[in-house]
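Down below is the structure, laid out as structure tokens.
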Amino acid sequence: MAETSGETKARQSHNRKLALRLVSAGLAIFPAVNKNPIAKRFQHLDTAMTASEIAEAAAEFRDNYGREPAYVGSTKNPAIVRKLWSEYPDAVPAICGGPNGLLILDVDFGNGKDGPRKLAAWLNDQGQELPKGSPVTATQSGGLHVFFRDPDGMGNHEGVFADLDTNVRGRGGYVIAPGAWREDGKRYSAAPKAPDLASAFASGSIPALPAFIREAIQTRTRPIEVSDADAARLTLDNMPEWDAVRAKFDLDGLADRNAKMRAILRFDDALDDAPDFSANRIKLATRLAGDHGDAFTFEDWAAIAENCEGTGHYVEKLSSEKVPGEFDLRALRREFMKAKAATKQPDGLAFGVVELSAEEMGERPHVANDNAKEPEKAEKPKIKSFSQFRAEYVPQSFVAEPAIVAAYLYTLTARTGHGKTLFLSSLAIAVATGRRDILGMEVRQGKVLYFSFENPEDFRVKLCAAAVAHNADVAALDANLHIVSVKTAPELMRKLAKAAAKPWRLVIVDTLQAGFDGKDANDNMEALAYLRRLRPLCATEGRPAVVVAAHPVKNASKDNLLPYGAGSVANEADGNLTLWKDDSARITTLHWQGKLRGFDFDPMAFAIAPVTISDMLDDKGRPLVMPAAKPVSSDDAATALEKAEAQTTSRRERILRAALSDPSGSIQKWSEATGINKGSIHRDLERMAQEKLVEKIGSRWTVTARGKRIAVASEATEPSAGFTAVDDD
98 MAETSGETKA
108 RQSHNRKLAL
118 RLVSAGLAIF
128 PAVNKNPIAK
138 RFQHLDTAMT
148 ASEIAEAAAE
158 FRDNYGREPA
168 YVGSTKNPAI
178 VRKLWSEYPD
188 AVPAICGGPN
198 GLLILDVDFG
208 NGKDGPRKLA
218 AWLNDQGQEL
228 PKGSPVTATQ
238 SGGLHVFFRD
248 PDGMGNHEGV
258 FADLDTNVRG
268 RGGYVIAPGA
278 WREDGKRYSA
288 APKAPDLASA
298 FASGSIPALP
308 AFIREAIQTR
318 TRPIEVSDAD
328 AARLTLDNMP
338 EWDAVRAKFD
348 LDGLADRNAK
358 MRAILRFDDA
368 LDDAPDFSAN
378 RIKLATRLAG
388 DHGDAFTFED
398 WAAIAENCEG
408 TGHYVEKLSS
418 EKVPGEFDLR
428 ALRREFMKAK
438 AATKQPDGLA
448 FGVVELSAEE
458 MGERPHVAND
468 NAKEPEKAEK
478 PKIKSFSQFR
488 AEYVPQSFVA
498 EPAIVAAYLY
508 TLTARTGHGK
518 TLFLSSLAIA
528 VATGRRDILG
538 MEVRQGKVLY
548 FSFENPEDFR
558 VKLCAAAVAH
568 NADVAALDAN
578 LHIVSVKTAP
588 ELMRKLAKAA
598 AKPWRLVIVD
608 TLQAGFDGKD
618 ANDNMEALAY
628 LRRLRPLCAT
638 EGRPAVVVAA
648 HPVKNASKDN
658 LLPYGAGSVA
668 NEADGNLTLW
678 KDDSARITTL
688 HWQGKLRGFD
698 FDPMAFAIAP
708 VTISDMLDDK
718 GRPLVMPAAK
728 PVSSDDAATA
738 LEKAEAQTTS
748 RRERILRAAL
758 SDPSGSIQKW
768 SEATGINKGS
778 IHRDLERMAQ
788 EKLVEKIGSR
798 WTVTARGKRI
808 AVASEATEPS
818 AGFTAVDDD
């Protein structure tokens, strides 16, 4: 029965909202019509591909099908999703394992298959069960999609669980997203009592692929048959250059990332005493077929097998006595076809894009990959004389002297609550207005581009508080301060900066962790790659400084303010600026730690004080009161810190005396005895515990011998009524 126009609109709206919800949870998706992808190379994240790779994929699609693909790659970008579903309203969102670090068990049912029952029986025989917390989708036919976290990126393994009517969808595999509503009326919904995929992915609670399933996938024999007639169709008419193939599939990078692949590739290492060359070739070919799909050709495979030490050596004719490592063209053909078959989607869902009729796909335009990486144009090597090299010097200029140099990339690392956004708001306003008094530093006025990713609402009110605190000229802010409050890939940041055709003085990214679009911000290579993708912003018109706010490691001390995520981040940046706040004095201090290219500078202090924003009201009509940072002299900061330290010492001594006077008392009683609020007492007790002045035994705080001595000594200068000294014994 054909759906009504109302049902069509409801279905289209449902799928569009679902697609946006999935990307907001951090999942990379691509569009499919019913079960067929209409995006090319969806096995790769769009931001991980260069513009030339995307153009190559689109050209390949045009050559094959005579039209543009809907898109190239999987995307996490809401703006791209909106464009795609505007152009293809009947599309459903699909999820590929690779870009999301997922592996999916596709359990079939119907047409003689009973995967759910067979998988349950196999698990019972193994004495195992699936981990709780795995998202599970119930398909319309009665099958299941079971999702696991798989950061190692296992490939597709078609046929290993054929006896269980179950398929393995890995790096190159995909499934229709749970919640999708197809044109034929079929729906995919979460199984009863199973967690929602988007929520579980966003919270990081999806269980890892169980070791027993991983082992079964790796050790089971695939029932793949390749006939000599089929294999003979593969020819080697045009063997590619080895260096080109090595670069095309980033084999050096694969060796760096994966120890097992490194053992097979073995560009430089010595071989094991007796490697299994045939098994090595199958493993390597299957990995490359899973990673690269149609881009991995038989000619490529022949070049790789011939040049890698761990794959053996090619001979035109095999020796009569079996020589270890020898392989011929027939063996290469069969291994290549087995690898392709092992990583192929079933039911016509092949790698890349299946051919759909114009009626099915519609003659709609291709959606441009606006957030694709732009390949860097390499300068041709040239020998220069000393004078030529010297003549290329560009005079160094400051954005904020002496701390921030133009065209440099900085991290600004501080703990939460230590004033990152307060300082950056003042920095943005200072540069936009050109006023020295805002930071206590000489600044060069210019245009500022602020990417607010972590908490745009919080930044909005803090920026407005800073504008009030510094009495900033609104006209200057409107002209020079520009804000992007939607998470944006570094490549699109650069496009936005270039498209504005403005000479930028300063670019701020708030924060590194909120903007990061990889899988693991704590992975050295991923974190390094992300920061390197930000560096081209320094080369946009105006040669702006780029400051990236960053969180430090958990519970970082004053002497350990390095960006959380990886040591490579601090090494890649030109400088790591830091902020450290003294809570009692309400002073935050700007300095640097770990690395600073350019000129050293003395610590700079900023006082944090509340500001009333009279024209911004809460829901009860009251003006907002928010903190703002203003520079203070080193003498004033020292005086404030000394006064705060004296007040802190006096407050702690009073707490110690109250605790000694009433050892069985509660924080409430000690608050009443001292006049200090309970929150301050609790914080001071925690800090005094670190200094071994008090200790917590069970739920009760007790003063230590060291704390007693301090309390007794303080009694002479500030006696408390009714206080009796207690001996250490």
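Per the working numbering, the sequence shown runs over residues 98 to 826. For every residue, glycine included, the Cβ atom is placed at its ideal position computed from N, Cα and C.
Pairwise C-alpha distance: residue j and residue i
| i | j | result |
| --- | --- | --- |
| Glu406 | Met358 | 12 Å |
| Val496 | Phe548 | 18 Å |
| Lys137 | Ala152 | 11 Å |
| Trp278 | Ile192 | 14 Å |
| Tyr285 | Tyr507 | 46 Å |
| Lys114 | Arg591 | 28 Å |
| Glu396 | Asp347 | 16 Å |
| Lys793 | Phe139 | 55 Å |
| Pro720 | Val583 | 27 Å |
| Cys561 | Phe483 | 51 Å |
| Arg378 | Trp398 | 9 Å |
| Gly267 | Val491 | 50 Å |
| Pro724 | Pro213 | 58 Å |
| Tyr168 | Ala308 | 36 Å |
| Glu750 | Ile807 | 7 Å |
| Tyr505 | Cys635 | 7 Å |
| Lys740 | Arg683 | 11 Å |
| Ala344 | Gly409 | 21 Å |
Per-residue DSSP class, three states only, for residue i
| i | result |
| --- | --- |
| Cys405 | coil |
| Ile379 | helix |
| Asp327 | Summary for Asp327: the model assigns pLDDT 47, below 50, so the residue's position carries little reliability; its value from the coordinates is reported in the next sentence. Helix at Asp327. |
| Gly691 | strand |
| Ser300 | helix |
| Tyr185 | coil |
| Pro190 | strand |
| Tyr271 | strand |
| Gly207 | strand |
| Leu446 | Low per-residue confidence applies at Leu446: pLDDT is 33, beneath 50, and the placement is therefore not dependable, though the value from the model is reported in the following sentence. The answer is coil: DSSP assigns Leu446 none of H, G, I, E or B. |
| Lys805 | helix |
| Pro649 | strand |
| Leu119 | helix |
| Arg113 | helix |
| Phe393 | coil |
| Arg797 | strand |
| Asp370 | Low per-residue confidence applies at Asp370: pLDDT is 49, beneath 50, and the placement is therefore not dependable enough to give any value. |
| Asp222 | helix |
Reference residue i, options the options, closest by Cα
| i | options | result |
| --- | --- | --- |
| Asp211 | Cys193, Leu199, Asn264 | Asn264 |
| Phe206 | Arg632, Lys544, Lys215, Val120 | Lys215 |
| Ala313 | Gly256, Arg354, Gly269 | Gly256 |
| Lys655 | His515, Leu546, Tyr185 | His515 |
| Tyr271 | Leu200, Thr236, Leu227, Ala259 | Leu200 |
| Ala586 | Arg118, Ile177, Glu165 | Ile177 |
| Ser811 | Asp555, Ala573, Ala755, Arg430 | Ala755 |
| Gly195 | Glu165, Leu181, Gly224, Pro248 | Pro248 |
| Thr234 | Gln225, Phe244, Asn197, Glu226 | Phe244 |
| Gly250 | Gly230, Leu306, Gly762, Thr801 | Leu306 |
| Gly123 | Phe393, His254, Ala386, Ala295 | Ala295 |
| Glu338 | Glu403, Val412, Gln315 | Glu403 |
Beta-carbon gap between residue i and residue j smaller than 9 Å
| i | j | result |
| --- | --- | --- |
| Pro128 | Ala116 | yes |
| Leu593 | Val606 | no |
| Ala646 | Thr685 | no |
| Ile310 | Leu415 | no |
| Ser171 | Ala299 | no |
| Val528 | Leu603 | yes |
| Arg748 | Thr771 | yes |
| Glu623 | Ser681 | no |
| Ala356 | Phe433 | no |
| Lys727 | Phe698 | no |
| Phe696 | Pro499 | yes |
| Ala511 | Leu628 | no |
| Gly691 | Leu659 | yes |
| Asp715 | Thr745 | no |
Residue i Cβ short of 8 Å to the ligand ZN heavy atom set
| i | result |
| --- | --- |
| Asp222 | The model on display carries no ligand, and the ligand ZN is accordingly not part of it. |
If you scan the segment 504-581 from start to end, which runs of the beta strand (DSSP E) of 3 or more residues do you find wholly inside it? 506-510, 544-549, 578-581
Alpha helix (DSSP H) runs contained entirely in the segment 661-744, provided each spans 4 or more residues: 664-669
Which whole runs of the beta strand (DSSP E) in the segment 131-186 are 3 residues long or more, in chain order? 136-142, 168-171
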